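Peer 1: I have a structure I would like to understand better, so I am pasting it below and will then ask my questions one at a time.
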């Protein structure tokens with residue numbers, strides 16, 4: 002619940018800088034329903050993911066399907082460390098995730114991850130939500146052989 006409330010507050014406070022209409026907060030209300038038994042969770046680690054989902058929805062920018070993230074957020078836009086990094090990273094790797102966004106202050110937790118798994122992942126460490134969003138929604142690099 003606290004993750005969803007912080008995410009909504011952050012998006013409302015940054016609506017204009019996210020490219021939303023100037024009257025967005027007056028004309029729209031945001032509500033996130035997270036049923037208590039829907040997904041087991043401990044603490045506020047879903048904050049960064051909820052902010053990202055809201056920004057994706059409201060700005061019509063897709064989150065890469067091979068990306069996962071975790072992090073507590075503050076109303077001032079900081080991304081705070083969370084617990085269970087080893088378990089989350091291992092689960093992400095098993096699910097085929099290739100890119101992770103983690104709080105900078107959880108960097109030491111990555112030492113617990115087996116080297117082969119660590120090397121298979123691209124990890125972006127972030128201190129604030131703006132940095133995370135810039136990285137998550139960065140333009141995709143062109144792929145392919147090129148034409149000629």
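Numbering (the numbering used here), first residue to last: 2 to 149. Yeah, the Cβ is synthetic: ideal placement off N, Cα and C, and Gly gets one too. None of these values were measured; they are calculated from a predicted model.
#1: Give me, in chain order, the residues of the same chain whose beta-carbon lies closer than 6 Å to that of residue 9; leave out the 5 immediate sequence neighbours on both sides.
#2: Which residues bound the alpha helix (DSSP H) around residue 57?
#3: For residue 74 and residue 48, which I take to be in contact (beta-carbon distance under 8 Å), what is that distance rounded to the nearest angstrom?
#4: What residue ranges within the region 88-122 form continuous beta strand (DSSP E) runs of no fewer than 3 residues, ordered along the chain?
#5: Give the straight-line distance between the Cα atoms of residue 5 and residue 58, rounded to the nearest whole angstrom.
#6: My understanding is that residue 104 touches residue 81, with C-beta atoms under 8 Å, so please give their C-beta distance in whole angstroms.
#7: As a quick exercise: from 35, 55, 102, pick the residue whose alpha carbon is nearest that of residue 68.
#8: Do residue 76 and residue 12 have their CB atoms nearer than 8 Å?
#9: Where residue 65 and residue 137 are concerned, what is the direct C-alpha to C-alpha distance, given to the nearest angstrom?
#10: Return the CA-CA distance between residue 125 and residue 90, expressed in angstroms with no decimal places.
#11: Could you give the distance in angstroms between the alpha-carbon of residue 133 and the alpha-carbon of residue 37?
#12: Return the Cβ separation of residue 118 and residue 94 in integer angstroms, given the expectation that the two are a contact with Cβ distance under 8 Å.
Peer 2: Reading it off the structure:
#1: 31
#2: 48-60
#3: 4 Å
#4: 100-104
#5: 15 Å
#6: 6 Å
#7: 102
#8: no
#9: 8 Å
#10: 13 Å
#11: 27 Å
#12: 5 Å
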